[in-house]
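Novice:
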Amino acid sequence: MDEYLERPQARIAYSSTLAAADRTLVVAHSLATSRRWEDEAGVFDWSPVADAGQRLVRIDSRGHGESSGGATDEQYRWPALAEDLVAVTRAVSPTDPVDALGESTGCGVLLHAVLAAPDRFRRLVLVIPPTTGAARAEQAELYRGAAELIDLRGPEAWQRLVTAAAPPEILQRGGWTRPSWIPIRDELVPSVLRGAAGSAFPEDDALRTIVQPTLVLAWGTDASHPVSSAEHLAALLPAATLEVASTPDEVRGWGRRAAAFLQG
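Just so you know, the sequence shown maps onto residues 1 to 264 in full-length UniProt numbering.
Right under this line is the structure:
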C-alpha cells in the first residue's frame, strides 16, 4: 500500500515492508523510472534486503510515478530531490539513521542528501553511477535538447527516441527489455529533464568527507553509466568498495550482495 509525504509543491509516494524491522533501507530510483516501471523492467530486485529482515522503503521521486511535482526546473535538481529524500528518511525512521541505495540519478541525489544530513545515514549503496566531468556536460546538453524537442513536438517525439535507443549490452545479454512508457506526466517532462541537466555530483572535496561505508556497483558497456564514474566515486569516498559486473548473472545477484553488505 502506498504512503504519502506532503512536501513543498509535491506529494511523495513510497511503499515499505516490515514496519517493525530494526533497520531500514530507502531506495532512490533513476531518472524517468518509478517503482512500477522498475518492477516491469525487472533489472533491479532489492527484495533480498527485505528477505534478510530489513525494512525496504521504495520512493517514487518527485514528478515520477505516483508522486506529484510542479513544473519548475529547480525542484528536479539533485540537491532539491535530496531534500525530499531526507524528509522521507525522517518520516520512516524518525530517530535512527537509515541505509540508503541510489540508482543512476539516485546516486547523485543520495550523495547530496548525505552531505546535507549525514547523521541520517548509516550505510550507502551506489548503483550504476551516471556521468561525471566532461561526459556530464555532454549528457546535460542531451537533456536540454530533449526538453526543447518536447516543447516543439510534444513528449511523444522524445518517447520515440528513448524507445528506439538500444539498451546497454549487458542488459541485452540478460534478456531485459525497457518498458515502452515513461512514468512522468507529460507537462512535467521538460522541467524534469532541465532539472537533470542542471545537476551534478557534489564537489570532490565534499565527497571526501562522506565516511559512511559505501558499496559501489557498476557495469560496463554503458556510456550513460560508465565504469569511470564508479571508479571516480570509489576513489574519493573514504570507505568505498567498488564491484563491477561483467555478466547478467552478476547483476541479478546485486540484491543479495546489497543485503549482505547492509548486514554490516
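Note that the Cβ used here is the ideal one computed from N, Cα and C, for glycine as well.
Confirm, please, whether the CB-CB distance from W219 to I128 is below 9 Å.
Specialist: Position 128 of the sequence shown, counted from the start, is the residue given in the question as residue 128. Position 219 of the sequence shown, counted from the start, is the residue given in the question as residue 219. The answer is yes: Cβ separation under 9 Å.
Novice: Any chance the region 254 to 262 sits against the region 208 to 217, with 3 or more Cβ pairs inside 8 Å?
Specialist: Note that the region 254 to 262 touches the region 208 to 217; at least 3 beta-carbon pairs, one per stretch, sit closer than 8 Å.
Novice: For A260, list the residues DSSP reports as bridge partners.
Specialist: Walking along the sequence shown from the start, residue 260 turns up at place 260. DSSP output for A260 lists no bridge partner at all.
Novice: When burial is assigned at 16 or more other CB atoms within 10 Å of the CB, is V146 buried or exposed?
Specialist: To locate residue 146, count along the sequence shown from 1; it is residue 146. Here residue 146 is Ala; the residue named in the question, Val, does not match the sequence. Flag for A146 reads buried.
Novice: What do you get for L161, buried or exposed, if any count of 16 or more other CB atoms within 10 angstroms of its CB means buried?
Specialist: In the sequence shown, counting from the first residue as 1, residue 161 sits at position 161. Label assigned to L161: exposed.
Novice: Which residues bound the alpha helix (DSSP H) around Y76?
Specialist: On the sequence shown, residue 76 is found 76 positions in, with the first residue counted as 1. Per DSSP, Y76 lies in no alpha helix (DSSP H) segment and is marked neither H nor E.
Novice: Is the region 78 to 89 in contact with the region 104 to 116, if contact means three or more CB pairs nearer than 8 Å?
Specialist: yes
Novice: Of the residues L188, T132 and H29, which one's Cα is nearest the Cα of Q9?
Specialist: Residue mapping note: residue 9 aligns to position 9 of the sequence shown, counting from 1. Of the listed residues, the one whose Cα sits closest to Q9 is L188.
Novice: Just the Cα atoms here: how many angstroms apart are R194 and L31?
Specialist: Position 194 of the sequence shown, counted from the start, is the residue given in the question as residue 194. Position 31 of the sequence shown, counted from the start, is the residue given in the question as residue 31. If I take the Cα positions, the gap works out to 12 Å.
Novice: What residue does the beta strand (DSSP E) around E3 start on, and which one ends it?
Specialist: Mapped onto the sequence shown, residue 3 falls at position 3. Counted as a single uninterrupted DSSP element, the beta strand (DSSP E) harbouring E3 occupies residues E3 to R7.
Novice: So what does DSSP say about L126, is it helix, strand or coil?
Specialist: Numbered from its first residue, the sequence shown carries residue 126 at position 126. Strand, per DSSP.
Novice: To test your reading of the DSSP string, which unbroken alpha helix (DSSP H) runs of 4 or more residues are found completely within the region 94 to 178?
Specialist: 105 to 116, 133 to 153, 155 to 164 and 169 to 174
Novice: Let me know the secondary structure DSSP gives V26 once reduced to three states.
Specialist: Counting from one through the sequence shown, the residue named residue 26 turns up at place 26. Strand at V26.
Novice: Would you please state the rounded distance, in angstroms, between the beta carbons of L101 and V27? I believe it to be under 8 Å.
Specialist: In the sequence shown, residue 101 corresponds to position 101, counting from 1. In the sequence shown, residue 27 corresponds to position 27, counting from 1. That pair is a contact at about 5 Å.
Novice: In terms of residue numbering, what span does the alpha helix (DSSP H) encompassing W37 cover?
Specialist: Locating residue 37 in the sequence shown gives position 37, where the first residue counts as 1. Counting along the chain, the alpha helix (DSSP H) containing W37 begins and ends at R35 to A41.
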